[in-house]
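A.B. asks:
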Amino acid sequence: MGLKWGILGLGKIAHHFCKDILLVEGSELYAVGSRSLEKANYFAQQYGANQSYGSYQDLVNDSDIDIIYIATPHDSHLEYAMMAMEAGKHVLCEKPIAVNYDQVSQLIQTAQEKKVFLMEALWTRFNPVIEKVISEIKNGAIGIPTYLNSTFSFYNDIDPASRLFDPNLAGGSILDVGLYPVFLCYTLFGMPQSIAATGTLSEQGVDLQMTALLDYGGGSAQLMSGLQANCDMTSKIYGTEGQLIIDSRWHEAQSYQIKKSDKNVTYKHPTIGRGYTHEIMECMKCIENKQIQSSKWSHQDSLNLISILDEIRRQVGVVYPFE
Ligand SMILES: NC(=O)c1ccc[n+]([C@@H]2O[C@H](COP(=O)([O-])OP(=O)(O)OC[C@H]3O[C@@H](n4cnc5c(N)ncnc54)[C@H](OP(=O)(O)O)[C@@H]3O)[C@@H](O)[C@H]2O)c1
């Protein structure tokens, strides 16, 4: 039999993720866990999971499960990823894997001690277009890349009850969607020499919008995230010999373009399913090879990403009540 998945937290993303598990040969949607047994039973029925649990602890204690996918709000990733690893389970944890550097370090230390696989669910890293973009930039397709512009913003009515706006659940645009432009910039350019960030806060103290300038000495990036503006959701990389545009919605891209002089070529690389399939396959491969981390999105990558996000959050002035 294949890798048996247990899903912890049955909200919006858990539905999308489970539909994609069903597309991956060698992966089995085995069990689901919710704070409500009724919800877990209904969810299990919808997707054909064998087991359903009314508590997260009962879910991670199921000895038949190989890997737990954590799909709860940001503030709880540390607690539930720890709970799963303490029970000896491999973990794929939704982004951000934890809310600050100290929390991410704790998770990595536990994965090392328990010798279990741990990965942040940065699905965009495994998107076929992004894989191609990484190699195009590395191979000089647009010459030397000198500027990146990446945005991730969409309009939401301010709802203090939503996890997006609740400081107790580590809400705000930076950790929810700003993480994607920062991920792209870090993946293509590495760690910046300096960061200058600004933003707007809600009455509850989470950021409604963030703009950051990352300096690379000889190159720079402008990144934006928000919960109050609809943007075009493209990412653009400019180089000495042309431009590379990751088409909308770039974090789940199906195509990219390279523009040079008057020539414009579009390359299509569609995802399998919605695109979570690719990170699911990466987990399978790593676990089969007995790795505790992926070389494509490593523990150090998660640490580097959160250290940039910590600095942006510090400059914008977002402090969560539990920190
Ligand atoms: N990769 C992606 O494309 C993507 C997209 C959207 C979100 N995400 C990430 O996925 C995670 C969940 O986001 P979501 O949009 O699915 O959230 P959501 O719809 O609010 O669902 C979160 C689930 O977490 C559980 N939960 C546990 N403690 C909770 C609490 N104190 N308050 C509310 N819910 C709690 C609930 O499940 P039970 O009621 O079943 O216990 C709830 O349904 C976040 O980390 C987010 O950043 C990723």
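Residue numbers 178 to 500, in the numbering used here, belong to the letters of the sequence shown in order.
Glycine included, each C-beta is placed from N, C-alpha and C at the ideal position.
Given 8 Å as the limit, is there contact between the region 462-473 and the region 349-357, that is, 3 or more CB pairs closer than that?
C.D. replies: Segments in contact, no.
A.B. asks: Rounding to the nearest angstrom, what Cα-Cα distance links D239 and G452 in this structure?
C.D. replies: Taking the first residue of the sequence shown as 1, we reach residue 239 at position 62. Taking the first residue of the sequence shown as 1, we reach residue 452 at position 275. Their backbone Cα atoms lie some 28 Å apart in a straight line.
A.B. asks: Does the Cβ of D197 lie closer than 7 Å to at least one heavy atom of ligand 1?
C.D. replies: Taking the first residue of the sequence shown as position 1, residue 197 is located at position 20. Not so, every heavy atom of ligand 1 lies at least 7 Å from the Cβ.
A.B. asks: Measure how close the beta-carbons of L187 and G203 come, nearest whole angstrom, since I'm counting them as under 8 Å.
C.D. replies: In the sequence shown, residue 187 corresponds to position 10, counting from 1. In the sequence shown, residue 203 corresponds to position 26, counting from 1. Not confirmed; about 23 Å, so no contact.
A.B. asks: Along the chain, which unbroken stretches of the alpha helix (DSSP H) at least 4 residues long are found entirely within the region 216-256?
C.D. replies: The region 216-256 contains these whole alpha helix (DSSP H) runs: 233-238.
A.B. asks: M260 by DSSP, collapsed to three states: which one?
C.D. replies: Here the question's residue 260 lines up with position 83 in the sequence shown. Helix, per DSSP.
A.B. asks: Roughly how many angstroms separate the alpha carbons of Q405 and E290, rounded to a whole number?
C.D. replies: Your numbering for residue 405 matches position 228 in the sequence shown. Your numbering for residue 290 matches position 113 in the sequence shown. Cα to Cα, the separation comes out at about 42 Å.
A.B. asks: Answer yes or no: do T364 and R302 have a C-beta to C-beta separation smaller than 8 Å?
C.D. replies: Here the question's residue 364 lines up with position 187 in the sequence shown. Here the question's residue 302 lines up with position 125 in the sequence shown. A contact, by the Cβ cut-off of 8 Å.
A.B. asks: List the DSSP bridge partners of W182.
C.D. replies: Here the question's residue 182 lines up with position 5 in the sequence shown. W182 is bridged to L206, I244.
A.B. asks: So G419 packs on I307, CB below 8 Å; how close in whole Å?
C.D. replies: What you label residue 419 is simply residue 242 of the sequence shown in a count that begins at 1. What you label residue 307 is simply residue 130 of the sequence shown in a count that begins at 1. About 19 Å; that fails the 8 Å criterion.
A.B. asks: With a threshold of 8 Å, are at least 3 pairs of Cβ atoms found where one atom belongs to the region 322-338 and the other to the region 281-301?
C.D. replies: In short, these stretches do not touch, since the Cβ pair count stays below three.
A.B. asks: Is there at least one non-hydrogen atom of ligand 1 closer than 7 Å to the beta-carbon of W300?
C.D. replies: Locating residue 300 in the sequence shown gives position 123, where the first residue counts as 1. Because some heavy atom of ligand 1 lies under 7 Å away, the Cβ of W300 counts as near it: yes.
A.B. asks: Using only CA atoms, which one of Q381, W300, L361 lies nearest to R340?
C.D. replies: Residue numbering aside, residue 340 sits at position 163 when the sequence shown is read from its first letter. Nearest option by C-alpha distance: Q381.
A.B. asks: Suppose you measure from the CA of Q386 to the CA of F342; what does that come to, to the nearest Å?
C.D. replies: In the sequence shown, counting from the first residue as 1, residue 386 sits at position 209. In the sequence shown, counting from the first residue as 1, residue 342 sits at position 165. Cα to Cα, the separation comes out at about 12 Å.
A.B. asks: Could I get the ranges of all uninterrupted beta strand (DSSP E) runs contained in the region 404-450, with 3 residues as the minimum, in chain order?
C.D. replies: As far as the region 404-450 is concerned, its whole beta strand (DSSP E) runs of at least 3 residues are 412-416, 420-423, 432-437, 440-445.
A.B. asks: Would you check whether ligand 1 has a heavy atom nearer than 7 Å to the C-beta of T364?
C.D. replies: As a position in the sequence shown, residue 364 is number 187, starting the count at 1. Because no heavy atom of ligand 1 lies under 7 Å away, the Cβ of T364 does not count as near it: no.
A.B. asks: V281 lies in the alpha helix (DSSP H); which residues open and close that run?
C.D. replies: To locate residue 281, count along the sequence shown from 1; it is residue 104. Counting along the chain, the alpha helix (DSSP H) containing V281 begins and ends at 278-291.
A.B. asks: Candidates K315, A248, E256: which alpha carbon is nearest T287's?
C.D. replies: Start at 1 with the first residue of the sequence shown, and residue 287 comes out as number 110. Of the listed residues, the one whose Cα sits closest to T287 is E256.
A.B. asks: Would Q477 be called buried (16 or more neighbouring beta carbons within 10 Å of its own) or exposed?
C.D. replies: Counting from one through the sequence shown, the residue named residue 477 turns up at place 300. By the neighbour-count rule (16 or more Cβ atoms within 10 Å), Q477 is not buried but exposed.
A.B. asks: For T411, tell me which candidate among L361, K196, E488, W182 has the shortest Cα-Cα distance.
C.D. replies: Stepping through the sequence shown from its first residue, residue 411 is reached at position 234. The candidate whose alpha carbon is nearest that of T411 is L361.
A.B. asks: Any heavy atom of ligand 1 closer than 7 Å to the beta-carbon of H455?
C.D. replies: Taking the first residue of the sequence shown as position 1, residue 455 is located at position 278. No, Cβ of H455 sits at least 7 Å from all heavy atoms of ligand 1.
A.B. asks: Could you tell me the alpha carbon to alpha carbon distance between I422 and I414, rounded to whole angstroms?
C.D. replies: Sequence index remark: in the sequence shown, residue 422 carries index 245 (1-based). Sequence index remark: in the sequence shown, residue 414 carries index 237 (1-based). Taking the straight line from one Cα to the other gives about 6 Å.
A.B. asks: Is it true that the CB of A398 sits closer than 8 Å to the CB of Y324?
C.D. replies: Stepping through the sequence shown from its first residue, residue 324 is reached at position 147. Stepping through the sequence shown from its first residue, residue 398 is reached at position 221. Their beta carbons are under 8 Å apart, which means Y324 touches A398 by this criterion.
A.B. asks: Cβ of I483 within 8 Å of Cβ of N277?
C.D. replies: Residue mapping note: residue 483 aligns to position 306 of the sequence shown, counting from 1. Residue mapping note: residue 277 aligns to position 100 of the sequence shown, counting from 1. Yes, these two residues count as a Cβ contact at 8 Å.
A.B. asks: Starting from the C-beta of R490, find all residues in its chain whose C-beta is less than 6 Å away, skip the five residues before and the five after it, and write them out in chain order.
C.D. replies: Looking up residue 490 in the sequence shown gives position 313. Around R490: I351.
A.B. asks: Rounded to the nearest angstrom, how far is the Cβ of P305 from that of H455, given a contact under 8 Å?
C.D. replies: Position 128 of the sequence shown, counted from the first residue, corresponds to residue 305. Position 278 of the sequence shown, counted from the first residue, corresponds to residue 455. About 7 Å separates the two Cβ atoms, so the contact holds.
A.B. asks: Looking at the secondary structure, which residues open and close the beta strand (DSSP E) in which L325 lies?
C.D. replies: Counting from 1 along the sequence shown, the entry for residue 325 is found at position 148. L325 -> beta strand (DSSP E) spans 322-330.
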